[in-house]
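Novice: First the structure, which I've put down as structure tokens, then a few questions once you've had a look.
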Amino acid sequence: MTAEHFDVIVVGAGPSGNAATYTLAKAGLKVLQLERGEYPGSKNVQGAILYSDALERIIPDFRDSAPLERHVIEQRLWMLDDSSYVGMHYRSDDFNEERPGRYTILRAQFDKWFSQQVRDAGATLLCETTVTELVRDEGGRVIGVGTDRDGGKLLADVVILAEGVNGLVGRSSGLRNELEPASVALAVKEMHFLPKETIDTRFTLKGNEGVVIEAMGTITEGMTGTAFIYTNQESVSVGIGCLVSDLADKGCSPYELLEAFKNHPSVKPLLAGSETKEYAAHLIPEGGYKAMPQLFGDGWIVVGDAGHFVNAVHREGSNLAMTTGRIAGETVAWLKEQAAPCSKVNLREYTRRLEESFVMKDMRKYKNMPSFLHRNLPLFDLYPRLLSQAAQTWFRVDGVDKRTKEKEILTSFRKGRSLSGLFGDAFKMARAWR
Amino acid sequence: MSKTGQEDRPKVKVEEKLFHNRYLVDAGRPHIKVHPHDKPSAALLSLTHVCPAGCYSLGDGGKVEIVADGCMECGTCRVLCGPTGEIEWNYPRGGFGVLYKFG
Ligand SMILES: Cc1cc2nc3c(=O)[nH]c(=O)nc-3n(C[C@H](O)[C@H](O)[C@H](O)COP(=O)(O)OP(=O)(O)OC[C@H]3O[C@@H](n4cnc5c(N)ncnc54)[C@H](O)[C@@H]3O)c2cc1C
Ligand code: SF4
């Protein structure tokens, strides 16, 4: 059987694969993109906050046609105990700008839109096609892929693996190790529909303004994890995620955690009367820099979640996916221009460019964060409780003098965790943050 | 210290959640299989709780069984039981499986 030959084959049509394919097609290369879902986005899950900067560098006028829900004018960070939250809210009218930097989106719809731009740029997309293997030549160089469709191998000068967190193709081809349960979080999410006016009223919004809430605390029952509530036009996305290792150790059902979060007294009124239309689950690679696999080799490059490019502290993933996809595309186009082969030596240029961008700088900055959070700590149980107690003591006007209140608060902290423990935690946190 | 715990969580039927989703089931070709076993490992056993679609259950004689129709293809069971070798995990054939409308 004669196999058709492409300049590049991209595995996956999520943000990383779409960014790579778009960049390559715009550079005039012959690109084939393969996606296992019925349509791009049908398998994909995100909160979802879209960061404009990463997309703007690929499609500068994306705002004219992309399906954007709301631009974010307010960010809330909540620490919850069983009945309360202590929070920090930042809201600014400055975010009502001409080119907002953060939008909520619905991934299935966003991916469809992005894919249309990719095809308009001239790439070929084949859906309902699962890549099952990499094809190599005698020298071990990757020269194409095999799929679950009839019809032989598909060949290319280079294969870009944009296959997402599970990275099955890379794994079955021996390019990487299995994911560690402590390096991935399992997140579950529901879509709750409400009339736009109801959302506007409950979150004090107007027009396309949106609020995002990130929450942590006793809702994860001591496991490393966070929850979120994001406002869309006519729906609210609600989700919670914990490290797979923690869920397994505790024998905990993620949907029960989600249900408990939805029923928290601070959350329940926000969702009251809503109609649930979807329940989704997905892994998030949260092992950071130390969990990253080899990113390139003879004839192959890894981008996005498959490369473990997620900044869990800042809840960034899709922007890293798009940026790594774009940079991989630019690198391959640059090599093609010089008629240089996509060998391992030449593809080193990909990581060199990543090092220059914010991508590797951020990945490095937080390289100790995952192990810090994992070994931790009272962060997901004791501290939220203490904080809430302290706030309650402080705000109640009950005839107790203020000095006694201060003492009570200090004592509760020292009883909960010894002074050296408190300082130790603060110190470790600062080190991991640095 | 922890006041909240398993006992206090509201009970939910995961089927009621999965009911909202769209699937194209590849009848007769399950993409995940549990290998025959005498006694499940702790990891395999934990899947009866951890699988977000409730696909794993405890059957006769303390063996773990799977019905993968509601699977959302997250890969959690693969991560946990890949190393123990107790399950075989593949993506559904192209086009089959879960179909998110919102994601
Ligand atoms: C609950 C949740 C909330 C999140 N919130 C945010 C957020 O608010 N902001 C943010 O920036 N990031 C967020 N992220 C992270 C973000 O979703 C990911 O980082 C991003 O989707 C990664 O993009 P990707 O293209 O690398 O992978 P994916 O989006 O997973 O895309 C991979 C694609 O490859 C396809 N594929 C896989 N294997 C094969 C194969 N063998 N053959 C053919 N096709 C294949 C898949 O079907 C899929 O379309 C969140 C993630 C989750 C789970
Ligand atoms: S892939 Fe996820 S949803 Fe499917 S059976 Fe495994 S754990 Fe359950």
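Line by line, the protein sequences are chains Z and Y. Each residue of the first sequence is one higher than the one before, starting from 1 at the first, in the working numbering. Each residue of the second sequence is one higher than the one before, starting from 1001 at the first, in the working numbering. We put the CB at the ideal spot given by N, CA and C, even for glycine.
At what residue ranges does the stretch 2-87 of chain Z contain a whole run of the alpha helix (DSSP H), taking only runs of 4 or more?
Specialist: The stretch 2-87 of chain Z contains these whole alpha helix (DSSP H) runs: 15-26 and 52-56.
Novice: Take the Cβ of methionine 363/Z as the centre, count every other Cβ of all protein chains shown within 10 Å, and call the residue buried at 16 or more, exposed below.
Specialist: In the first sequence, residue 363/Z corresponds to position 363, counting from 1. With 16 or more other Cβ atoms within 10 Å, it is buried.
Novice: Identify, in the order they occur along the chain, each residue of the same chain with its Cβ nearer than 8 Å to the Cβ of aspartate 93/Z, setting aside the five sequence neighbours on each side.
Specialist: The residue given as residue 93/Z occupies position 93 in the first sequence. Ile73, listed in sequence order.
Novice: For glutamate 1073/Y versus serine 1041/Y, is the C-beta distance shorter than 8 Å?
Specialist: On the second sequence, position 73 is the one that residue 1073/Y refers to. On the second sequence, position 41 is the one that residue 1041/Y refers to. Going by C-beta atoms, glutamate 1073/Y is not nearer than 8 Å to serine 1041/Y.
Novice: Any chance the CB of tyrosine 51/Z is under 7 Å from a heavy atom of ligand 1?
Specialist: Reading the first sequence from its first residue, position 51 is the one you call residue 51/Z. Under cutoff, so the answer is yes.
Novice: Please check if any C-beta of chain Z sits within less than 8 Å of the C-beta of lysine 1063/Y.
Specialist: Sequence index remark: in the second sequence, residue 1063/Y carries index 63 (1-based). For lysine 1063/Y, the answer is no, since every Cβ of chain Z falls outside 8 Å of its Cβ.
Novice: Would methionine 1001/Y pass as an interface residue toward chain Z - the criterion being a Cβ-Cβ separation below 8 Å?
Specialist: The residue given as residue 1001/Y occupies position 1 in the second sequence. Residue confidence for methionine 1001/Y is low, a pLDDT of 38 falling below 50, so the modelled location carries little weight; the figure read from the coordinates is stated next. True, the Cβ-Cβ gap to chain Z drops below 8 Å.
Novice: Grab the span of the alpha helix (DSSP H) containing lysine 189/Z for me, first residue to last.
Specialist: On the first sequence, position 189 is the one that residue 189/Z refers to. No alpha helix (DSSP H) holds lysine 189/Z; the beta strand (DSSP E) holding it covers 184-193.
Novice: From the DSSP secondary-structure annotation, give me the bridge partner or partners of asparagine 311/Z.
Specialist: Along the first sequence, read from residue 1 onward, the residue named residue 311/Z stands at position 311. According to DSSP, asparagine 311/Z bridges with Glu316/Z.
Novice: Here's a check: name, in chain order, each residue in its chain whose Cβ is nearer than 7 Å to the Cβ of serine 1002/Y, leaving out the five neighbours to either side.
Specialist: The residue you call residue 1002/Y lines up with position 2 of the second sequence. Low confidence applies here, because serine 1002/Y scores a pLDDT of 43, under 50, leaving its location unreliable; read the following figure in that light. There are no such residues.
Novice: For the beta strand (DSSP E) that contains glutamate 275/Z, what are its first and last residues?
Specialist: Numbered from its first residue, the first sequence carries residue 275/Z at position 275. First-last of the beta strand (DSSP E) with glutamate 275/Z: 275-285.
Novice: Does glutamate 1065/Y come out as helix, strand or coil in the three-state DSSP assignment?
Specialist: In the second sequence, residue 1065/Y corresponds to position 65, counting from 1. Glutamate 1065/Y falls in the strand class under three-state DSSP.
Novice: Pick from Phe380/Z, Ser412/Z, Asp381/Z and Val303/Z: whose alpha carbon is nearest that of tryptophan 394/Z?
Specialist: As a working note, residue 394/Z is residue 394 in the first sequence. Among Phe380/Z, Ser412/Z, Asp381/Z and Val303/Z, the Cα nearest to that of tryptophan 394/Z belongs to Ser412/Z.
Novice: Determine the contact status of arginine 12/Z and glutamate 163/Z, defining contact as a CB-CB distance below 8 Å.
Specialist: Indexing the first sequence from 1 puts residue 12/Z at position 12. Indexing the first sequence from 1 puts residue 163/Z at position 163. Before going further, note that residue 12/Z is glycine rather than arginine in the sequence given. Yes, the Cβ-Cβ distance between glycine 12/Z and glutamate 163/Z is below 8 Å.
Novice: Under 8 Å, CB to CB, which of the residues in the stretch 1021-1040 of chain Y have a partner in chain Z?
Specialist: Residues Asn1021 and Leu1024.
Novice: One question on the structure: do phenylalanine 203/Z and glutamate 214/Z come within less than 8 Å of each other, judged by their Cβ atoms?
Specialist: Here residue 203/Z corresponds to residue number 203 of the first sequence, with the count starting at 1. Here residue 214/Z corresponds to residue number 214 of the first sequence, with the count starting at 1. Taking 8 Å as the Cβ cut-off, phenylalanine 203/Z and glutamate 214/Z do not qualify as a contacting pair.
Novice: Roughly how many angstroms separate the alpha carbons of leucine 34/Z and glycine 288/Z, rounded to a whole number?
Specialist: If you number the first sequence from 1, residue 34/Z lands on position 34. If you number the first sequence from 1, residue 288/Z lands on position 288. Each residue's alpha carbon lies about 27 Å from the other.
Novice: Taking the beta carbon of lysine 43/Z as the centre, do at least 16 other beta carbons fall within 10 Å, making it buried, or is it exposed?
Specialist: For the purposes of this step, residue 43/Z is identified with residue 43 of the first sequence, where counting begins at 1. By the 10 Å Cβ count, lysine 43/Z comes out buried.
Novice: Three-state secondary structure (DSSP) at arginine 91/Z?
Specialist: Translated into positions along the first sequence, residue 91/Z becomes position 91. Residue state, collapsed to three classes: strand.
Novice: Take alanine 390/Z and list the residues in its own chain whose beta-carbon comes closer than 6 Å to its own, dropping the five residues that flank it on each side.
Specialist: Here residue 390/Z is taken as the residue at index 390 of the first sequence, counted from 1. Taken in chain order, the residues that qualify are Ile409.
Novice: I'd like to confirm something about glycine 47/Z: is its beta-carbon nearer than 7 Å to some heavy atom of ligand 1, or not?
Specialist: Your numbering for residue 47/Z matches position 47 in the first sequence. For ligand 1, at least one heavy atom lies less than 7 Å from the Cβ of glycine 47/Z.
Novice: Against methionine 191/Z, what residues of chain Y qualify as contacts under a CB-to-CB distance less than 7 Å, listed in chain order?
Specialist: Looking up residue 191/Z in the first sequence gives position 191. Within 7 Å Cβ-Cβ: Phe1102.
Novice: Determine the chain Y residues that contact glutamine 294/Z at a beta-carbon separation under 8 Å, and present them in chain order.
Specialist: Indexing the first sequence from 1 puts residue 294/Z at position 294. Simply none; closest approach about 19 Å.
Novice: Sort out for me which residues DSSP pairs glycine 207/Z with in a bridge.
Specialist: Numbered from 1 along the first sequence, position 207 holds the residue referred to as residue 207/Z. None, per the DSSP bridge assignment.
Novice: Under 8 Å between C-beta atoms, does methionine 1/Z make it to chain Y?
Specialist: Indexing the first sequence from 1 puts residue 1/Z at position 1. Since pLDDT at methionine 1/Z reaches only 48, below the 50 mark, its modelled position is unreliable, and the value read off the structure follows with that caveat. Judged by the 8 Å Cβ criterion, methionine 1/Z is not in contact with chain Y.
Novice: Give the interface partners of leucine 1018/Y over in chain Z, defined as CB-CB distance under 9 Å, in chain order.
Specialist: Here residue 1018/Y is taken as the residue at index 18 of the second sequence, counted from 1. Tyr279, listed in chain order.
Novice: Residue range of the alpha helix (DSSP H) that glutamate 259/Z falls in?
Specialist: Locating residue 259/Z in the first sequence gives position 259, where the first residue counts as 1. Counting along the chain, the alpha helix (DSSP H) containing glutamate 259/Z begins and ends at 254-262.
Novice: CB-CB under 6 Å to threonine 129/Z, same chain, minus the five flanking residues each way: which ones, in chain order?
Specialist: Counting from one through the first sequence, the residue named residue 129/Z turns up at place 129. Excluding residues within five positions, the ones whose Cβ falls inside 6 Å are Leu34, Thr147 and Arg149.
Novice: Would you say the beta carbon of valine 131/Z comes nearer than 7 Å to a heavy atom of ligand 4?
Specialist: Summarising the ligand content, the structure contains ligand 1 and ligand 2 and does not contain ligand 4.
Novice: Go ahead and label arginine 352/Z buried or exposed: buried means 16 or more other beta carbons lie within 10 angstroms of its beta carbon, across all protein chains shown.
Specialist: Within the first sequence, residue 352/Z is the residue found at index 352, counting from 1. Result: exposed.
Novice: Among all the DSSP beta bridges, which residues are the ones paired with glutamate 1088/Y?
Specialist: The residue you call residue 1088/Y lines up with position 88 of the second sequence. DSSP lists Lys1033/Y as partners of glutamate 1088/Y.
Novice: Name the chain Y residues that come within less than 7 Å of arginine 36/Z, Cβ to Cβ?
Specialist: Taking the first sequence and counting its residues from 1, one reaches residue 36/Z at position 36. In chain order: Tyr1091 and Gly1094.
Novice: Does proline 1036/Y pass the burial test, meaning 16 or more other C-beta atoms within 10 Å, or should it be called exposed?
Specialist: The count along the second sequence starts at 1 and reaches residue 1036/Y at position 36. Answer is exposed; the Cβ neighbour count stays below 16.
Novice: Determine the direct distance from the alpha carbon of proline 1010/Y to that of tyrosine 279/Z, and round the result to whole angstroms.
Specialist: For the purposes of this step, residue 279/Z is identified with residue 279 of the first sequence, where counting begins at 1. For the purposes of this step, residue 1010/Y is identified with residue 10 of the second sequence, where counting begins at 1. Their backbone Cα atoms lie some 17 Å apart in a straight line.
Novice: Which of helix, strand or coil does DSSP assign to aspartate 362/Z?
Specialist: The residue given as residue 362/Z occupies position 362 in the first sequence. Three-state result, aspartate 362/Z: helix.
Novice: Quick check: is any heavy atom of ligand 1 less than 7 Å from the C-beta of histidine 192/Z?
Specialist: Position 192 of the first sequence, counting from 1, holds the residue named residue 192/Z. Every heavy atom of ligand 1 is 7 Å or more from the Cβ of histidine 192/Z, so no.
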